[in-house]
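> Numbering (the working numbering), first residue to last: 1098 to 1504. Here a beta-carbon is modelled for each residue, glycine too, at the ideal position from N, C-alpha and C.
#1: Taking the alpha-carbon positions, what's the residue 1135 to residue 1465 distance?
#2: Could you pull out every residue in the same chain whose Cβ sits closer than 7 angstroms to the Cβ of residue 1279, ignoring the five residues on either side in sequence?
#3: Kindly indicate the opening and closing residues of the alpha helix (DSSP H) around residue 1127.
#4: Tell me whether residue 1159 is buried or exposed, calling it buried when 16 or more other Cβ atoms sit within 10 Å of its Cβ.
#5: For the stretch 1212–1275, list the beta strand (DSSP E) runs that are entirely contained and at least 3 residues long, ordered along the chain.
#6: With 16 other CB atoms within 10 Å as the buried threshold, where does residue 1080 fall?
#7: Determine the burial state of residue 1487: buried for a count of at least 16 other Cβ atoms within 10 Å of its Cβ, exposed for fewer.
#8: Can residue 1138 and residue 1343 be called in contact, C-beta distance under 9 angstroms?
#9: Can you give me the start and stop residues for the beta strand (DSSP E) that residue 1283 sits inside?
#10: Leaving out five residues on either side along the sequence, give the residues of the same chain with a beta carbon under 6 angstroms from the beta carbon of residue 1237.
#11: Measuring CA to CA, which of 1389, 1162, 1452 is closest to residue 1407?
#12: Mapping DSSP to helix, strand and coil, what is residue 1160?
#13: Nearest CA to the CA of residue 1244: which residue from 1210, 1187, 1140, 1409?
#14: What is the DSSP secondary structure of residue 1303, counted as helix, strand or coil?
#15: In terms of alpha-carbon separation, which member of 1188, 1273, 1212, 1478 lies closest to residue 1198?
#16: For residue 1137, write down the residues that DSSP places opposite it in a beta bridge.
#17: Note down the Cα distance separating residue 1119 from residue 1183, rounded to an integer number of angstroms.
#18: Beta-carbon separation of residue 1051 and residue 1267 under 9 angstroms?
#19: What does the alpha-carbon distance come out to for the pair residue 1214 and residue 1225?
#20: Does residue 1296 come out as helix, strand or coil in the three-state DSSP assignment?
#21: Give the secondary structure of residue 1209 by DSSP, where H, G and I count as helix, E and B as strand, and everything else as coil.
#22: By DSSP, does residue 1395 sit in helix, in strand, or in coil?
#23: Report all residues from its chain with a CB closer than 7 angstroms to the CB of residue 1093; omit the five preceding and five following residues, and keep chain order.
#24: Any heavy atom of the ligand MN inside 8 angstroms of the beta-carbon of residue 1338?
#25: Is residue 1208 buried or exposed, if buried means 16 or more other CB atoms sit within 10 Å of its CB?
#26: Nearest to residue 1480 by alpha carbon, out of 1126, 1122, 1450?
#27: Find the nearest neighbour of residue 1286 within the set 1493, 1263, 1178, judged by alpha-carbon distance.
#28: Please report whether the beta-carbon of residue 1467 lies at a distance below 9 angstroms from any beta-carbon of chain B.
#29: Run through DSSP, which three-state label would residue 1201 get?
#30: Nearest by alpha-carbon distance to residue 1506: which of 1494, 1395, 1459 is it?
#31: Go through its chain and collect everything with a Cβ distance to residue 1391's Cβ below 8 angstroms, but skip five positions before and after it.
#32: Could you say which of 1339, 1340, 1366 lies nearest to residue 1352 if we only look at CA atoms?
#33: Under a Cβ-count criterion, where at least 16 other Cβ atoms within 10 Å of its own Cβ denotes burial, should residue 1275 be classed as buried or exposed?
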């Protein structure tokens, strides 16, 4: 049985874990929010809460239905709509989200719809637009383990880049651009419609099942249920956490600045480092995951891809080849001969990815900051200019019947 990471009682009082079914009423508008189910988590560094040793805990994210004041007066049984309810603690991400919401309210950025619908422990919960399908990383984890079709990568990344363009135009840096922060919503009524938007600052959260959640109900009368996170790999796993991908796969200048100046990662982020993360996100969408065991292996993988000037069919092949070159595996000479023969077939074989997509990834992952394209330059490339519409994403991703074998 998988070990559970429970939240101790002395910590639970500092975290946001209300029961589904709880009702909140916004003071200013009278809108009623009813928490329906847990749909995600938001990690919190415990030292921020207790001023003690560094330790991660989490707040819960909920799908909620809401009833506006005039809707309640009409005695309607159906809700006015649905929202994502997230608990937000005071910090620098709050004013960044407020600035984005005030300056670019109708962009491809997820903005807070309603601030402060309930206060708790000096912080507050907010209502975000409900993104029904979760993040792209969540979609990859449940349906597309081997990556999205390339035309769907173009559709999704284009929508996210439109949001990133607005942020850069406003002078804001995203800091953690990845598949984790790109969310999908599918509205079926009154007209079928797909939305793909970029989470930013305070509106970012982990979709459910990126870290599986368990709710165990207590037998004692009046006792709250215990919320736990089940590890994806109970026996331990050698790979780096995807949740921290934006840090361990960050541009080299961010890592070096952080190490030399001993400054926080956030202070080392720039517009150019955002573009690097666009390239990393493209790799994740293309392969379904980035199963990397160390920063050194990640850098070696990027160097090999640049040297070949071509993306491999599977990242695992490149990583295994790196292990052979470094002498990490058994039968080094035998494996080297096999890989040499495979490489001959690989060069002559049919490309899995288009040349336009490969050039996009390589340019974003340029080691020189000045050579990385801007978001505006990326959006002018044929890969995005001729991207298909959102209905194609709906048909090929959301309606896909048996997606994994085809990717």
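With the structure as the only source:
#1: Within the chain shown, numbered from 1, the residue matching residue 1135 stands at position 38. Within the chain shown, numbered from 1, the residue matching residue 1465 stands at position 368. Going from the Cα of residue 1135 to the Cα of residue 1465 covers about 43 angstroms.
#2: Counting from 1 along the chain shown, the entry for residue 1279 is found at position 182. So the list reads 1232, 1233, 1253, 1257, 1293, 1295, once near-sequence residues are dropped.
#3: Working through the chain shown from its first residue, we reach residue 1127 at position 30. Looking at the DSSP string, residue 1127 is not in any alpha helix (DSSP H), and its letter there is neither H nor E.
#4: As a working mapping, residue 1159 is identified with position 62 in the chain shown. So residue 1159 ends up on the buried side.
#5: 1220–1226
#6: The structure shown does not extend to residue 1080, since the chain is modelled only from 1098 to 1504, so the question has no answer here.
#7: Mapped onto the chain shown, residue 1487 falls at position 390. Burial call: buried.
#8: Taking the first residue of the chain shown as position 1, residue 1138 is located at position 41. Taking the first residue of the chain shown as position 1, residue 1343 is located at position 246. No; because the gap between Cβ atoms is not below 9 angstroms, this pair is not in contact.
#9: Here the question's residue 1283 lines up with position 186 in the chain shown. Residues 1279–1284.
#10: Taking the first residue of the chain shown as position 1, residue 1237 is located at position 140. Taken in chain order, the residues that qualify are 1385.
#11: Taking the first residue of the chain shown as 1, we reach residue 1407 at position 310. The residue with the shortest Cα to Cα distance from residue 1407 is 1452.
#12: Residue 1160 sits at position 63 when you count from the first residue of the chain shown. If DSSP states are grouped into helix, strand and coil, residue 1160 belongs with the strands.
#13: The residue labelled residue 1244 in the question sits at position 147 within the chain shown. Of 1210, 1187, 1140, 1409, the residue nearest in Cα terms is 1409.
#14: Within the chain shown, numbered from 1, the residue matching residue 1303 stands at position 206. In the structure shown, residue 1303 sits in a strand (DSSP, three-state: E or B).
#15: Indexing the chain shown from 1 puts residue 1198 at position 101. Looking at the Cα atoms, 1212 is the closest of the given residues.
#16: Stepping through the chain shown from its first residue, residue 1137 is reached at position 40. The partner list for residue 1137 (beta bridge, DSSP) reads 1158, 1304.
#17: Stepping through the chain shown from its first residue, residue 1119 is reached at position 22. Stepping through the chain shown from its first residue, residue 1183 is reached at position 86. Looking at the two C-alpha atoms, the distance is approximately 14 angstroms.
#18: This structure cannot speak to residue 1051, because the chain is shown only from 1098 to 1504.
#19: Numbered from 1 along the chain shown, position 117 holds the residue referred to as residue 1214. Numbered from 1 along the chain shown, position 128 holds the residue referred to as residue 1225. Their backbone Cα atoms lie some 11 angstroms apart in a straight line.
#20: The sequence position of residue 1296 within the chain shown is 199, counting from 1. Three-state result, residue 1296: coil.
#21: What you label residue 1209 is simply residue 112 of the chain shown in a count that begins at 1. Here residue 1209 sits in coil by DSSP.
#22: Counted from its first residue, the chain shown places residue 1395 at position 298. Correct three-state label for residue 1395: helix.
#23: Examination of residue 1093 is not possible in this model, given that the chain is present from 1098 through 1504 alone.
#24: The ligand MN is not among the ligands present in this structure, which contains no ligands whatsoever.
#25: On the chain shown, residue 1208 is found 111 positions in, with the first residue counted as 1. Residue 1208 should be labelled buried.
#26: Position 383 of the chain shown, counting from 1, holds the residue named residue 1480. Of the candidates 1126, 1122, 1450, the one whose C-alpha sits nearest the C-alpha of residue 1480 is 1450.
#27: Along the chain shown, read from residue 1 onward, the residue named residue 1286 stands at position 189. Residue 1286 has its Cα closest to that of 1178, out of 1493, 1263, 1178.
#28: Absence of chain B from the displayed structure is noted, only one protein chain being present.
#29: Taking the chain shown and counting its residues from 1, one reaches residue 1201 at position 104. In this structure, residue 1201 counts as coil in the three-state DSSP scheme.
#30: Outside the shown range of the chain (1098 to 1504) lies residue 1506, about which nothing can therefore be said.
#31: By 1-based counting over the chain shown, the position of residue 1391 is 294. For residue 1391, where only same-chain residues beyond five positions count, the Cβ hits under 8 angstroms are 1337.
#32: Your numbering for residue 1352 matches position 255 in the chain shown. Per the Cα distances, 1366.
#33: Position 178 of the chain shown holds residue 1275. The residue is buried, with at least 16 neighbouring Cβ atoms inside 10 Å.
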